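Residue numbers (the working numbering), protein chains in the order written: chain A, 54 to 394; chain B, 54 to 394. The beta carbon of each residue, even a glycine, is placed where N, CA and C say it ideally should be. These figures come from a predicted structure and were not determined experimentally. Some notes on the structure that comes next.
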């Protein structure tokens, strides 16, 4: 039984906690956070609550919560910590993890140097066997996770030469009421955007050019993608190939009511999934088109949940288990790919 | 003196009317529209008001407006009609123009077959001399106008081989309060979008792939563009080249307050321009980047005003005059390119 601790109980932390509890080979030992709050109370009742520092413990205790200890205590009872802190805080926690000699998974908001390797399940050449010596992994960001899965899948059957993508990012998550933009599209002036080097961490052999804008939406990221492959292809073969991966959903043409991210969010709430998660890349089948050796398509990326399966796999990876076995186990546990079945 | 009539007095019609009045070689003979309204009253006072049909004349007269006649009457006193009707209505007016043997300019919302030629000033190989036999021109849409100017400009110095662009379209104009989307990005499933064939009407020799989404904004369209040229280039040369065209503004890095379409709209209102028009392509200089023989950039396109200079040039073109002379005259009249001077 793999003993898992989670530090940070925000958007990603609570979804990873939920998914860990669904795995038969994992035991969630507790969640460490900084503040007393409604979610701290839920953590206390469901998993066991820790403070990151002693001062956080004191605050939480003063407000009547029962607290098991601090982050060091959580490390002591865990084989792997999944750090789901806000961007940059993972790096601040790193000395504690090193000191406690615990394996750790960081999120994509951290700099690439924070961990021994950057991680996406579909992009791992080494199958994880003999990965016991790897101490830490950084699960790449939601956008890069979506790009990695897609490009790696196509690359498995066709030789991908170049990826050109525009990422139309959601401005903030629902509830992040102070973020923008409103009624504006804000381009990220740096071209290529940071997603290019991130994707190259996963797939070094492909030429990548990404451009990013922020949009006044909250539901999902939208990717407008063109992929150049070595030889001519046809669209139905591409759709069939993508659909063969559990972590990529091709939205069938017949579902005319699923034309946008908002439609996808509504559909996902009809599934038996906590938080209405969409763990899969969602590719509009009608948009998949081919001209010579260029493949174009639109895909939606649910920023809040897409990295969850990769975090679960990364736990097994750091414990030296086979990634391909883990993918099968995670996908089966989460009933991945069920959205359009 | 070229006698110009305008049919349709919406977003484009009123901006073209304003620009026609600024030209020394043109006389605005009147504006034809269908309904009595606040803008009909303005047309009556400023230019002379016509009804499209007799019934429209009667309606406007009943509401106390003074009306000069119907569309046929306007054709009778005009050398060129600029049809600025809503999409599809231009085609409905076509029999009247043919019957009255008047030259006519249609807008990009009409099908390509409506006119003898599709038109963009920068894309015309034939300089307009001996164009007297051409009866009608269709000024391509705002998005295609912006793409045509950009690609043609780069193609003048570098051999453009391929254009790949994602058009993040504004959902509606300010005031179009019933349009969407709200809080959603809606992809146009057809790839390539219609802008590809439209751009190829202007520049047939270039391979084009466009993808389009609708966004919950009203201010401007945003283009995320990649252009493949024959040989390696460098970014400063590209910026210098683009900046040498009056109809393309390269936003200087030093203007840090101009990072989005909303910023551009505010800046344009500080100019001496009716409607705060932005007739130019607006390219963010900081976004212009080069990798080998790929050029990437973001440009903003003001959907309400960018086609105005092309409509003015097209009037002279249909009258058999030189396009290069017209471009100079229009640019000077409108003080084009002044945004960042």
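Open item on the list: Would residue 172 of chain B pass as an interface residue toward chain A - the criterion being a Cβ-Cβ separation below 8 angstroms?
Closed with: Position 119 of the second chain, counting from 1, holds the residue named residue 172 of chain B. Chain A, which has no Cβ nearer than 8 angstroms to the Cβ of residue 172 of chain B, makes this no.
Task: Secondary structure, alpha helix (DSSP H): runs of 4+ residues fully inside the segment 130 to 159 of chain A - done: Those alpha helix (DSSP H) runs which fall completely within the segment 130 to 159 of chain A and span 4+ residues are 142 to 153.
TODO: Going by CA-CA distance only, name the one from B/299, B/77, B/106 and B/61 that's closest to residue 84 of chain B.
DONE: Numbered from 1 along the second chain, position 31 holds the residue referred to as residue 84 of chain B. For the residues B/299, B/77, B/106 and B/61, the minimum Cα distance to residue 84 of chain B belongs to B/61.
Task: Start-to-end residues for the beta strand (DSSP E) that takes in residue 334 of chain A - done: Looking up residue 334 of chain A in the first chain gives position 281. Segment 334 to 337, the beta strand (DSSP E) holding residue 334 of chain A.
TODO: Go to residue 168 of chain B, then tell me how far its beta strand (DSSP E) extends in each direction, as first and last residue.
DONE: Here residue 168 of chain B is taken as the residue at index 115 of the second chain, counted from 1. Note, residue 168 of chain B: premise wrong, no beta strand (DSSP E); not H, not E.
Task: residue 43 of chain A and residue 118 of chain A closer than 8 angstroms at C-beta - done: Chain A is shown only over 54 to 394; residue 43 of chain A falls outside these bounds and no answer can be derived.
Task: C-alpha distance - residue 81 of chain A paired with residue 317 of chain B, whole-angstrom precision - done: On the first chain, residue 81 of chain A is found 28 positions in, with the first residue counted as 1. On the second chain, residue 317 of chain B is found 264 positions in, with the first residue counted as 1. Answer to the nearest angstrom: the Cα atoms are 51 angstroms apart.
Task: Option in A/71, A/194 and A/170 with minimal Cα separation from residue 246 of chain A - done: Within the first chain, the letter at position 193 stands for residue 246 of chain A. Comparing Cα positions, the closest option is A/194.
Open item on the list: For the beta strand (DSSP E) containing residue 352 of chain A, name the first residue and the last one.
Closed with: Within the first chain, the letter at position 299 stands for residue 352 of chain A. Counted as a single uninterrupted DSSP element, the beta strand (DSSP E) harbouring residue 352 of chain A occupies residues 347 to 354.
Task: Limits of the unbroken beta strand (DSSP E) element including residue 80 of chain A - done: Numbered from its first residue, the first chain carries residue 80 of chain A at position 27. 79 to 86 is the extent of the beta strand (DSSP E) around residue 80 of chain A.
Open item on the list: Between the alpha carbons of residue 335 of chain A and residue 55 of chain B, how many angstroms are there, rounded?
Closed with: Here residue 335 of chain A corresponds to residue number 282 of the first chain, with the count starting at 1. Here residue 55 of chain B corresponds to residue number 2 of the second chain, with the count starting at 1. If you take the alpha carbons of residue 335 of chain A and residue 55 of chain B, they lie about 55 angstroms apart.
Open item on the list: So with CB distances below 8 angstroms, who are the chain A contacts of residue 240 of chain B?
Closed with: Taking the first residue of the second chain as 1, we reach residue 240 of chain B at position 187. Correct list: 275, 277, 312, 313, 337, 340 and 351.
Open item on the list: Along the chain, where does the alpha helix (DSSP H) containing residue 280 of chain B start, and where does it finish?
Closed with: Sequence index remark: in the second chain, residue 280 of chain B carries index 227 (1-based). That residue, residue 280 of chain B, is in no alpha helix (DSSP H); its beta strand (DSSP E) goes 274 to 282.
- [ ] Check whether the Cβ of residue 221 of chain B lies closer than 8 angstroms to any Cβ atom in chain A.
- [x] Taking the first residue of the second chain as 1, we reach residue 221 of chain B at position 168. It does: the Cβ of residue 221 of chain B has a partner Cβ on chain A nearer than 8 angstroms.
TODO: State the beta-bridge partners of residue 263 of chain A as determined by DSSP.
DONE: Translated into positions along the first chain, residue 263 of chain A becomes position 210. Residue 263 of chain A pairs with A/218.
Task: Positions along the segment 260 to 272 of chain B whose CB lies within less than 7 angstroms of some CB in chain A - done: 262, 264, 266, 268, 269, 270, 271 and 272
Open item on the list: Cβ closer than 7 angstroms: which chain A residues qualify as neighbours of residue 301 of chain B?
Closed with: One-based indexing of the second chain puts residue 301 of chain B at position 248. What residue 301 of chain B touches in chain A: nothing, since even the nearest Cβ is about 17 angstroms away.
Task: Where the segment 135 to 157 of chain A meets chain B: residues whose CB sits under 7 angstroms from a CB there - done: none
TODO: Verify the CB distance criterion: does residue 237 of chain B have a CB-CB separation below 8 angstroms to chain A?
DONE: The residue you call residue 237 of chain B lines up with position 184 of the second chain. Chain A contact via Cβ: present.
Open item on the list: Is there a Cβ of chain A sitting closer than 8 angstroms to that of residue 234 of chain B, yes or no?
Closed with: Here the question's residue 234 of chain B lines up with position 181 in the second chain. Yes, residue 234 of chain B counts as interfacial toward chain A.
- [ ] Identify whether residue 67 of chain B lies in helix, strand or coil by the three-state DSSP scheme.
- [x] Position 14 of the second chain, counted from the start, is the residue given in the question as residue 67 of chain B. Helix, per DSSP.
TODO: Assign residue 341 of chain B to one of three DSSP states: helix, strand, or coil.
DONE: Here residue 341 of chain B is taken as the residue at index 288 of the second chain, counted from 1. Residue state, collapsed to three classes: coil.
Open item on the list: Does chain A have any CB closer than 8 angstroms to the CB of residue 244 of chain B?
Closed with: Looking up residue 244 of chain B in the second chain gives position 191. Residue 244 of chain B counts as touching chain A.
Task: Other residues of its chain near residue 191 of chain B: CB distance less than 8 angstroms, five sequence neighbours each side excluded - done: The residue given as residue 191 of chain B occupies position 138 in the second chain. Taken in chain order, the residues that qualify are 158, 159, 160, 161, 163, 165, 167, 168, 170, 171 and 172.
TODO: Taking residue 252 of chain A and residue 200 of chain A to be in contact with their CB atoms under 8 angstroms, please state how far apart those CB atoms are, rounded to whole angstroms.
DONE: Your numbering for residue 252 of chain A matches position 199 in the first chain. Your numbering for residue 200 of chain A matches position 147 in the first chain. Contact holds; Cβ gap of about 5 angstroms.
Task: CB-CB length for residue 338 of chain B against residue 292 of chain B, believed under 8 angstroms - done: Indexing the second chain from 1 puts residue 338 of chain B at position 285. Indexing the second chain from 1 puts residue 292 of chain B at position 239. With a Cβ gap of about 6 angstroms, residue 338 of chain B and residue 292 of chain B count as contacting.
Task: Buried or exposed (CB count within 10 angstroms, at least 16 for buried), residue 156 of chain B - done: Mapped onto the second chain, residue 156 of chain B falls at position 103. With 16 or more Cβ atoms within 10 Å of its Cβ, residue 156 of chain B is classed as buried.
TODO: For chain B, find out if any of its Cβ atoms is closer than 8 angstroms to the Cβ of residue 103 of chain A; answer yes or no.
DONE: In the first chain, the residue the question calls residue 103 of chain A occupies position 50. Chain B, which has no Cβ nearer than 8 angstroms to the Cβ of residue 103 of chain A, makes this no.
Open item on the list: Going by C-alpha to C-alpha distance, which of B/235, B/356 and B/390 sits closest to residue 303 of chain B?
Closed with: Numbered from 1 along the second chain, position 250 holds the residue referred to as residue 303 of chain B. The shortest Cα separation from residue 303 of chain B among B/235, B/356 and B/390 belongs to B/390.
Open item on the list: Please list the terminal residues of the continuous beta strand (DSSP E) segment that includes residue 300 of chain A.
Closed with: In the first chain, the residue the question calls residue 300 of chain A occupies position 247. Neither: residue 300 of chain A is in no beta strand (DSSP E) and is coded neither H nor E.
Open item on the list: Please identify, using Cβ separations under 7 angstroms, the residues of the segment 200 to 230 of chain B that lie next to chain A, in order along the chain.
Closed with: 217, 219 and 221
Task: Euclidean distance between Cα positions of residue 238 of chain B and residue 226 of chain A - done: Here the question's residue 238 of chain B lines up with position 185 in the second chain. Here the question's residue 226 of chain A lines up with position 173 in the first chain. Residue 226 of chain A has its alpha-carbon roughly 14 angstroms from the corresponding atom of residue 238 of chain B.
Task: Same chain, Cβ closer than 6 angstroms to residue 294 of chain A, five either side skipped, listed in chain order - done: Locating residue 294 of chain A in the first chain gives position 241, where the first residue counts as 1. Counting only Cβ-Cβ distances below 6 angstroms, and skipping sequence neighbours, we find 210.
- [ ] Please report the Cβ distance between residue 392 of chain B and residue 321 of chain B, rounded to the nearest whole angstrom; I am assuming they are in contact, meaning their Cβ atoms lie under 8 angstroms.
- [x] On the second chain, position 339 is the one that residue 392 of chain B refers to. On the second chain, position 268 is the one that residue 321 of chain B refers to. That belief holds up - the Cβ atoms of residue 392 of chain B and residue 321 of chain B are roughly 7 angstroms apart, short of 8 angstroms.
Task: Helix, strand or coil at residue 108 of chain A according to DSSP, with G and I counted as helix - done: In the first chain, residue 108 of chain A corresponds to position 55, counting from 1. Helix, per DSSP.
Open item on the list: So with CB distances below 7 angstroms, who are the chain B contacts of residue 344 of chain A?
Closed with: Here residue 344 of chain A refers to the residue found at position 291 when the first chain is read from its first residue. Per Cβ cutoff of 7 angstroms: 262.
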